[in-house]
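Written below as structure tokens is the structure these notes are about.
Residue numbers (UniProt numbering): 1 to 101.
Below, the structure written as structure tokens:
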């Protein structure tokens with residue numbers, strides 16, 4: 001066992017880990033906002049959402065293919081949730097740009 005093992009019974013370790021995780025989440029959110037605040041970034045996000053079949057059905061006669069499609073779709077839904085949580089005002093712009101507007 002390493003000396004760096006996490007001890008959940010140590011309030012200081014728990015507090016430090018919580019702070020670190022919050023900092024990481026904040027950095028991820030800032031990076032996503034930077035991406036969404038550019039036209040190229042919105043185009044990239046739209047491409048991923050489309051590739052994940054967020055706007056289509058997951059059904060396929062093969063159960064295995066349906067499960068695979070649902071996995072892709074779930075990734076897209078996670079990305080979509082970030083769009084709506086962090087920059088809902090940019091979603092309509094992204095749609096407009098994706099449709100040639």
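Note that beta-carbon positions come from the ideal geometry of N, C-alpha and C, so glycine has one too. Since this is a predicted model, take the numbers as computed values, not measurements.
My parser needs the beta strand (DSSP E) runs of 3 or more residues fully inside the stretch 14-59; what are they?
Here no run is fully enclosed.
Reducing DSSP to helix, strand and coil, say where residue 89 ends up.
Correct three-state label for residue 89: coil.
Would you report the Cα separation of residue 83 and residue 60, rounded to the nearest angstrom?
Each residue's Cα considered, the two are about 28 angstroms apart.
Please classify residue 76: does DSSP put it in a helix, a strand, or coil?
Three-state result, residue 76: helix.
Cβ pair residue 52, residue 73 closer than 8 angstroms:
In this structure, residue 73 lies closer than 8 angstroms to residue 52 by Cβ.
Report the residue from 100, 86, 75, 27 whose alpha carbon sits nearest the alpha carbon of residue 37.
The closest CA to that of residue 37, considering only 100, 86, 75, 27, is found on 86.
Reduced DSSP category for residue 102 - H, G, I as helix; E, B as strand; rest coil:
The requested residue 102 is not part of the displayed model; the chain covers only 1 to 101.
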